[in-house]
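Chemist: Below is a structure I'd like to ask you about.
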Amino acid sequence: MGTPTDVLKLAQSFVGYKSGGKPTLFGKWYAEQINDSYYANNYASWCAMFVSYCLVESGVSCPGIPGASCGMILNDAIAAGRVLADPTDAQPGMLVIFDWGVKDGSHDHIGIVQLNKGTYLQTIEGNTGN
């Protein structure tokens, strides 16, 4: 069984990874996990697939993982009672789901907490520009 430290170590190894306009290695991995070639051959957003890859390959379980939808992962975590009420309680290796208010009730992005600075979280994420 893996640890949050294992998840962070694996995630850190991908800092700087770019898909270069091609389907990602995370999409290919996810397609194998769920037996659906769509993710292996298309340019699907890959933040949730990156997080899923890091957790599964590190041996850490989480409700909704593996998953390709932030909303579905969040719903599974809520159902399992695994959502923090206060983000200042977030620990390294936990997941954070962002809602940027683009659409009401949408869940736009997911990342892995690297550090909790009290007033902000430092994260490692997939599918970001910098």
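Under our numbering, think of the first position of the sequence shown as 38, with each following residue one higher.
Idealized CB from N, CA, C, for every residue including glycine.
Note that the structure is a prediction, hence the values are computed from the model and not measured.
1. Note down, in chain order, each residue of its chain lying with its Cβ closer than 7 Å to the Cβ of Met109, except the 5 sequence neighbours on either side.
2. Rounded to a whole number of angstroms, what is the C-alpha to C-alpha distance between Ser143 and Ile115?
3. With distance defined between alpha-carbon atoms, name the residue in Gly57, Tyr54, Lys55 and Tyr90 nearest to Ile71.
4. With DSSP as the reference, label Asn153 as helix, strand or coil.
5. Is it buried or exposed, Tyr67, if we count other Cβ atoms within 10 angstroms and call 16 or more buried?
6. Assess contact between the stretch 147 to 155 and the stretch 123 to 138, defined as three or more Cβ pairs (one per stretch) separated by less than 8 Å. Is contact present?
Modeler: Put simply:
1. Gly101, listed in sequence order.
2. Taken atom to atom, the span from the alpha-carbon of Ser143 to that of Ile115 is near 15 Å.
3. Closest by C-alpha distance to Ile71, out of Gly57, Tyr54, Lys55 and Tyr90, is Tyr90.
4. Under the three-state reduction of DSSP, Asn153 is assigned to strand.
5. Answer is buried; the Cβ neighbour count reaches 16.
6. They touch, by the three-pair rule.
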